[in-house]
Amino acid sequence: MDNLNTPEVVLSVRNMIKDFPIGQSSSKNSLMRAVNDVSFDLCKGEALAIVGESGSGKSTGARVLSRIYEKDGGDIIFKGQPLAEYVDEHGSLEYARQVQMIFQDPFGSLNPVHSIYHHIARPLIIHKRGDKKVIEKLVYELLELVGLFPAVETASKFPHELSGGQRQRVAIARALAVDPEVILADEPISMLDVSVRLGILNLMADLKDKHGISFMYITHDIATARYFAEKTAVMYVGHMVEWGNSDKVTQTPQHPYTQLLLSAVPEAGKSGRRELGAKKGEIPMWKPDTKGCPFAARCPRAIEACADTFPSITEIAADHFIRCHNI
Amino acid sequence: AEDIKQGGTLTVPIINTGFVENFNPYTSGGLFEGVLFEPLMVFNNMTGKVEYRLAESAEYSTDLKTITVKLRDNIKWSDGKALTAKDVAFSFTMTKSAPAFDQKAIWTSGNLESVTATDAKTIVFKLNNADSTFIWGLPKYHILPEHVWGKVAAKDLPTFTNPNPVGSGPMTDIKYLKPQQMQLCRNTNYYLENRPYIDCITYRSYNDNSQVQPALMKGEIDWGSNFIADIENTFVAADPKNNHFWYPANDAIHLYVNTKEAPFDNLDVRKALSMALDRDEIVDIAAYGYPTTNFNAGGIAELYTPYISKEVTEKYKAITQFNPEKAEQLLDDAGLKDLNDDGFRQMPNGDKVEFDINVVNGWTDWIQVVQMVTEYYEEIGIKANVKTVDWAVYDKGLKESEYKMSINWSMVATNPIEAYQAYFLTEQVGKSWHAGHGVHSPEIDTLINSFGLTNDVAKQQEILDQLQEFTAANLPFIPLFSNATWYQYRTENLVGWPSKENPYVQPVWYDGGKRNLIINNLHLK
Amino acid sequence: MNVSSLNTAKSKAPLLEINNLCVDYVSPHGIARAVNNVSLTIAPGETLGIAGESGCGKSTLAFAITRLHKAPALISNGEIIYNGRDILKMTDKELRAFRWNDVSIVFQSAMNSLNPVITIGEQLTDVIAAHKQISPKEAVAKAKELLEVVGLHGDRLKSFPHQLSGGMRQRVVIAIALALEPKLIIMDEPTTALDVVVEREILNELYDLKEQFGFSILFISHDLSLMGEIADRIGVMYAGNLIEIGDAKTVFTNPSHPYTKGLIASFPSIHGPKERLYGIPGDPVNLLKLPTGCNFQARCVDCMEICTKDDPILAELSVGYQAACHKL
Amino acid sequence: MSFLLRRLGFYFTAFLIAISFNFMLPRMMPGDPIDALFAAAQGKMDIAQMDAVREMYGFMDGSIFEQYIAYIQSVFTLDLGPSVLMFPIDVTTVVGMSLPWTMFLALGSLIVSLILGVTIGTYASYRREGFFGQFVPPLLAFISNFPYIVTALLLFYFFGLQLEILPLAYTYDPSIDPGFTWEFISSVAKHAVLPMGSMILVGIATWVFNMRNAMINVLGEDYVTMAEAKGLSSFRVMYRYAGRNAILPVATAIAMAIGFSFAGSIMTEVVFNYQGLGNILLKGIMARDYPLIQAILLILVSAVLTANFIADLLYVWLDPRISK
Amino acid sequence: MNKATTMSSDAAASAQHQKNKFKLKCHAIWIKTKAFFHGNPPAIIGVFLITMILLGALFAPVLSSHNPEKRVARPHQAPSADHILGSTRNGRDVYSQVLHGARKSLTVALFAGIIAMTIAIAVGVTSGYLGGKVDEWMNFITNVFLVFPQLPLLIVLAAFLGQVGSLVITVLLGVTSWPWGARVIRSQTMAIRNKEFIISAEAMGESKIRIILVEILPNLISIVFGGFLGTVIYAMGAEAGLGILGLGDATEVSWGSMLYWAQVSSSLYTGAWWEMLVPAAALALTGGALALINMSIDQVSNPKLKTGPHMKLWKRLNRETMKSRGLL
Ligand SMILES: Nc1ncnc2c1ncn2[C@@H]1O[C@H](COP(=O)(O)OP(=O)(O)OP(=O)(O)O)[C@@H](O)[C@H]1O
Ligand SMILES: Nc1ncnc2c1ncn2[C@@H]1O[C@H](COP(=O)(O)OP(=O)(O)OP(=O)(O)O)[C@@H](O)[C@H]1O
Ligand SMILES: [Mg+2]
Ligand SMILES: [Mg+2]
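Protein chains in written order, with my numbering: chain B, 1109 to 1435; chain W, 7 to 531; chain U, 19 to 346; chain G, 4 to 327; chain P, 26 to 353.
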């Protein structure tokens, strides 16, 4: 972990596990493991992209980090202190302040009955950022920071009066309101118009670079992951299967799943049928006692061990890790 | 008369939920008394006569401790078996083992010692104490065939439904029974020749008065015993030639006053409250003018005309006359004055005088009456409110004298003494609806109890006169009017009805004896 | 009724020809023109892609072709000629016969276009039964065949939509679209809701089917890379206008209109050099508050005087290549 | 299956709660049947006799708990004791006599108004912009808000009393013997016209609105558009594709409506002297006939629960997404 | 004091600002109101009727010609100049009674609606938002109440409670009519609960009670209001029904008691139709008007119920285009 230019680690996750009960009964044997053995470090001013297909546990991971869900195992260390220590009212509020979340759906993440002002002022009020006047000023500053001009007018609007891109900017402004250290962005652009996506990505990039905010960027668009994030982790069925430096992961993918993912990405000019490097197979439901490699059933490179042994981590290059038996 | 035609059917409305196969006269809600079962005798309060039915005569011994009843000759049950004194004695003794059937509590009250059949025609009642009023209860007991009822175990009596009933009344043949209609036809063994003239009676089931009205208007029934709104314009007008009504006076309606509470403890206040009322207007407006206005403060009304003391009526006449000025003056004198100019009077100590008049929710004619009463009271500066309560509350209120004022009726019975028993006997307090007003005295108890000790009509009347005087002088309740006996009849098919012109009996359907007389008198036109 | 426009001249007779089509939405706040004066053609066997951001009128155009509009949409002008007949002038009966037989449509989200309470089988067979005199048995056999064509097992006929995954549902919808072997299939963002791997599977299927049946496709998407891969020609729409149309390669590699340029530049590539992209600044226009002149003026980097006054018209830049911009 | 089991558990518990409530109700309220009897006799009854009568009707004391156990037993053995109102006839018999008629009336009118309402509602949603869709639902809203009893009385007055074309009261002409004869059936039908008619008139609006709203929600769904695009006939689109889904929310409302329908039938039965449970219930209440009231409420609760259960089954059948 | 002077100019500015804001808000409300009524005849008729009825009730003492609780005429006088809607059997003025009766009936209905909706909101939102065991229990209770035959129960309760003044009826109706609303609100809350704005409020550290009251509740306004109107309509009918059955307090002047008296005085048979029909019509009008308002709220809050003034325009335009294509 210790590189030469050791950047400060803000958020460190070790072997995080999250289980969900299946069906209505909550007995032990009917759990599904949405996130299994996930570890990573998020450094100051850096972005970690999490990519993976739908249902691979990306959002769940982020939600555990933002304490919407309780983790079922592993350690989360925020600024050198385990998450478990941010417990009392003050502590948890403090954590809530420093780790903010931006949601996928700009339509769903703003309450339609409240004005934009309310949305941005609330966190300021909760975290006692000053009296009315101060807060008002802060709100307008924040709106301008995310590129919503004129701020006063925008503040008095209601969510339905804004376009998707504007709404997502509001969401970002709200996340920024209380000077967070970490922003967990859960597919922040997937619901946006193609023409405004880049604007949001660039805005986030500026925040990262200029304000030193760390991002966890969740997406299923591997191209934007590479564009925005320094590091990328590929998830499959709750597991990180390949991670490391974004360029390495996207340019020289080593894990068969990453390769499959990249080969499926549509590319202009490459017309015609393109065989996928994977067998057709059901995506498994991972249970606490499931054995083997999650990708085994679809893996073209599967060997015997894949069926019953969970692959361990291999560092195949500097800052490039995979979980695979058959490297 | 020879020209009377036999045949025809009488259709009457029954207010109930439907007919069921239960011919036990004690549990079938009075459906069959006087129809399937014949009483020994009927005390006709309209004529003051005793109409002997199964009995031929009934005599008290001189010590008033023995009653000897003789049956008619050759009377038979509807199944052809002879009806003997043994049956009668059985019928009375049976109610000893089935206390619920003991309608007048002859056994439970302990006065009846024995009932025995001394021969085939003679029944002897032996009493422990002299009681000349005892005999009035006898018609309440049904004469039942021992050969049927004797086989029923005592504990099963209450639930015995008496299938295939055997009776001695005019109509004993159940033609059919459907939930909403049933028909009984003539008893071929009836003891009177050619009687009844009519062949059958049809009972039709109705929910309430409001359904009897259209049925009467449409001519579906012959005899109504129900309140009919605006009868001239609805019922009579529908067929003036055949549709008639006659509303003779029935029980007296009073406003009961709780004399234990101020300011009602003041007799003058009670008098004033009585004088404030325009009874004619109340009867006219609130009750369509059907009831008979009661100007008699003696506690009994028109129904008992022969017993009413003219003297008492005359002496206390002023109390029942509409005289608001006098009423106000009486109140002023009693110290009830409007001290704070709110239009209503206060007690001398400044407490406000405001009271509720209890009336049962749903008894609309009375509600209207009470509404008018409050209006009259308002005119003399007394604040009274109509309080409609559930009857359970009303019932409890009257019995336990938890009221300030409550509208209530009086007993209807063979003799007015029974009404006075309910009004004044100290032992009735807490039990009877009529005794909660708070006016009682040992002397009056003795006076009332002395009634049964004599058989002398003149002496009895003397007692009644004294009771009337006592009532009028103390005014425990304010007389309003006599209820009407609701009675509508149609002469399209049948004639022979009691009427104003021929008032041979009080025309109530709900009395087995009275209706027995009427059924026996009806015939085809 | 005749082919009027010069710029639609083609070597082959077009399968579908749209002339000056205008579609309006009558809303409480005014009339929004969601498709404005659009003219284009689709040749037999051709895949025409329509790209553009959300709300630019792509779906509206697709709906117009099958005349599926309900209130408050209104096809206010133009003609849509299919095999010489104007669809807009068909009677209800003709329309019913025309639908699906000649043109079928795959809706934007397969999740919602299958009735959740009716079996896959019935939803497949009833379209066959509605258009063909065929016994129920044969219809079922045909339905099975169709499912197998799209790579699903015939047993799935008895399933209800919720028992299938998103990708499977999408295949079912495609199977239904193929049921009557139409000449043209309209695909409105058929893969947007799916992840890349499933999307790829569906695309592969589509390539095979196209080879097998030879239908034309009107492919709607906002994903230009996908479009560049699948389409023969691409049309780009902005605020109801067709602003650029031409063969896929040219549009993708050498776009003429600033909007198209910006759009293409909005997609970071996985393999290319990693540099900051600038995309298109600003927000999409509101159809109810269109400016005079070019609709794109507010976001255009090279906006000129004339752009604020005149509406640019679609001009032929080269054979079969048109764009609408004052700069060209 | 587990879904149904859970529901079954729910029904059973609900049933227990309901019957316990039934048990408590009379015991919390003032007055008892004998007082009522006494009041009804208007003084013709001797006070000394009241205790004997009370005993006769079987109102014995005992700890509340014992009474409760006895009551629960009686519920499950269906031996509910004699009615007070119709002593000594068993409550079961009394109820059995009227239950079929109430079911006929309540269910009959429910079914007819449901069918009419759904049809009208579907059409009204289809012709939402037209005259029908704009005027018929509001009109029905006004009609259904006319106090039910007044509607019934007016019908009664005009058709029964003034025009004399329909009978005034009863379930059938009492001079006819019940049986599978044309005479009897036609008499029943004739007697049902007014009571049912009035209930239908009042009840129909609910279904029109329910169906209309459900339809309008469904008509905007993609699968309806898809069905249209497939070139299916509009009949098939309306009834198979849209109606099939729109009926789902309506189906849950049906079970609820059973309770309301019964309530409606109380008034109808009173006005038209129809021989049903509602009529008896009202009389029973006046007479404080607890066994009868309890029995009727019991039936009612069971009926509503059964209806709900049937609705659940129906729902599972109608909506394949539920069955799990 | 000191502070005040320095702040005064600021305060003035902010007051000005506030004023403007207020003006803007008023304007916005006005626009919304106008939009609500425009081309929404049910709303216009409904609100007009209700306004009239409410005004009538409010100004009953001024408008009525007689004391409604006093005998002011002979029994059953036909409508005349002195008693414009006739008199009752008890000699009361029907017109004055209808006006005063509206007060009682509407108050009962209104408060029953408020009670029911308050319980419904409390149960529905809590149960829907908190979920888990709380939800299970609350849902169970709701369902039990829901399947309980309400009106018969109400009749039994009313009868047993003895004196049932309007207060008792209000409470009875209130506490028995909530389950339906609770269920609807619960399901809506569950839909909202998982919306991201709630999750983000939670993550932000908002208190539960604030989330319920400030974040969730305002989103439910239209259902709550719809449910409220529904309950009011129902309560009004039920009050009248209980009154007619004689289970209400016959001495209070309400529409229910008016009908009761009309019925016991056999006013239909005696030809005094006014005594019965006037309160009946009042009930029908009020209920109908509320139903209309409910219907029009539906139309506004449910975007799928596309109606409004623009639909008229659409209809006209559609007819024109259809005509021009020879389809009409
Ligand atoms: N609250 C929950 N209860 C039970 N299961 C859940 C819950 N949330 C998520 N899951 C399950 O956990 C798995 C991972 O879900 P998650 O939302 O994290 O995926 P994702 O990678 O974010 O997918 P997407 O790209 O669709 O957002 C899925 O199988 C999902 O069904
Ligand atoms: N029913 C409608 N009523 C009013 N306006 C509508 C309606 N449907 C669509 N519009 C408007 O018409 C325009 C074009 O919509 P359309 O659905 O064709 O866009 P699209 O290009 O398919 O977008 P997307 O990529 O989001 O599917 C949009 O601005 C939209 O707001
Ligand atoms: Mg996610
Ligand atoms: Mg679209």
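Built from N, CA and C at the ideal position, the CB exists for glycine as well.
Discussion item. So Ser-89(P) and Arg-99(P) are supposed to be a Cβ contact under 8 Å. How far apart are they, rounded?
Written reply: With 8 Å as the limit, Ser-89(P) and Arg-99(P) do not qualify as a contact, their Cβ atoms being about 19 Å apart.
Worksheet item: Tyr-262(W) and Gln-467(W) look like a contact to me (Cβ under 8 Å); what is the Cβ gap, rounded to whole Å?
Response: Actually they are not in contact, since the Cβ atoms of Tyr-262(W) and Gln-467(W) sit about 26 Å apart, beyond 8 Å.
Worksheet item: Along chain B, which residues have their Cβ under 9 Å away from the Cβ of Asp-244(P)?
Response: Contrary to the premise, residue 244(P) reads as Asn rather than Asp in this sequence. Within chain B, the residues near Asn-244(P) are Asn-1219, Pro-1220, Val-1221.
Worksheet item: Near Ser-1134(B), which residues of its chain fall below 8 Å by C-beta distance, leaving aside the five closest residues on each side in sequence?
Response: With a pLDDT of 46 at Ser-1134(B), under the threshold of 50, the modelled position of that residue is not reliable, and no figure is offered here.
Discussion item. Within 10 Å of its beta-carbon, does Arg-1406(B) have 16 or more other beta-carbons around it, so buried, or fewer, so exposed?
Written reply: buried
Worksheet item: Which bits of chain U does Pro-334(P) rub up against, with CB to CB less than 8 Å?
Response: Pro-46
Practice prompt. Output, in chain order, the set of chain A residues within a Cβ distance shorter than 8 Å of Asn-343(P).
Written response: Looking at the structure shown, chain A is missing, and the protein chains on hand are B, W, U, G and P.
Practice prompt. With 8 Å as the threshold, decide whether the Cβ of Pro-1402(B) is near any Cβ in chain P.
Written response: no
Item to complete: Go through its chain and collect everything with a Cβ distance to Arg-1334(B)'s Cβ below 6 Å, but skip five positions before and after it.
Response: Ser-1354, Thr-1358
Discussion item. For the structure I just gave you, are there three or more beta carbon pairs, one from the region 1392-1401 of chain B and one from the region 1411-1420 of chain B, closer than 8 Å?
Written reply: yes
Fill in: Contact list for Gln-187(W) against chain G, beta-carbon separation under 7 Å
Pro-177
Item to complete: For His-275(U), verify whether its CB is less than 7 Å away from any heavy atom of ligand 2.
Response: no
Practice prompt. Note down, in chain order, every chain B residue with its Cβ under 8 Å from the Cβ of Ala-275(P).
Written response: Those within 8 Å of Ala-275(P) in chain B number zero; the least Cβ separation is about 46 Å.
Discussion item. By the DSSP assignment, the alpha helix (DSSP H) with Pro-204(P) in it spans what residues?
Written reply: 203-218
Worksheet item: Closest to Thr-90(W) by CA distance: which of Ile-450(W), Lys-102(W), Ser-103(W), Lys-76(W) is it?
Response: Lys-76(W)
Item to complete: Compare the C-beta of Gln-327(W) against all C-beta atoms of chain P and say whether one is closer than 8 Å.
Response: no
Fill in: Nearest-angstrom Cα separation, counted from Leu-222(W) out to Arg-30(G)
40 Å
Worksheet entry | Any non-hydrogen atom of ligand 1 closer than 7 Å to Gly-1163(B) Cβ | yes
Worksheet item: From Thr-310(U) to Val-221(G), what does the alpha carbon distance come to, in whole angstroms?
Response: 39 Å
Fill in: Contact check, Phe-237(U) vs Gly-73(U), beta carbons under 8 Å
no
Worksheet item: Beta carbon of Lys-1187(B), beta carbon of Ile-1125(B): below 8 Å?
Response: no
Worksheet item: What residue range is occupied by the uninterrupted beta strand (DSSP E) comprising Asp-205(U)?
Response: Per the sequence presented here, residue 205(U) reads as Met, with Asp not at that position. 202-206 is the extent of the beta strand (DSSP E) around Met-205(U).
Worksheet item: Does any residue of chain G bring its CB to less than 8 Å from the CB of Thr-128(W)?
Response: no
Worksheet item: Along the region 1341-1367 of chain B, what residues have a CB closer than 8 Å to any CB found in chain U?
Response: Asp-1355, Thr-1358, Gln-1359
Worksheet item: Any Cβ of chain P within less than 8 Å of the Cβ of Met-259(G)?
Response: yes
Worksheet item: Could you give the C-beta distance for Ala-80(U) and Asp-241(U), rounded to a whole number, given that I count them as a contact under 8 Å?
Response: So it is not a contact: roughly 16 Å between Cβ atoms.
Practice prompt. Helix, strand or coil for Tyr-14(G), going by three-state DSSP, please let me know.
Written response: helix
Worksheet item: Since Asp-1301(B) meets chain P, which of its residues come closer than 8 Å, beta carbon to beta carbon?
Response: Here the premise fails: no neighbours, minimum Cβ distance about 19 Å.
Practice prompt. Say whether chain U places a C-beta atom closer than 8 Å to the C-beta of Ser-1134(B).
Written response: Confidence in Ser-1134(B) is poor, its pLDDT being 46 and thus under 50, which makes the residue's placement unreliable; the coordinate value appears in the next sentence. Chain U, which has no Cβ nearer than 8 Å to the Cβ of Ser-1134(B), makes this no.
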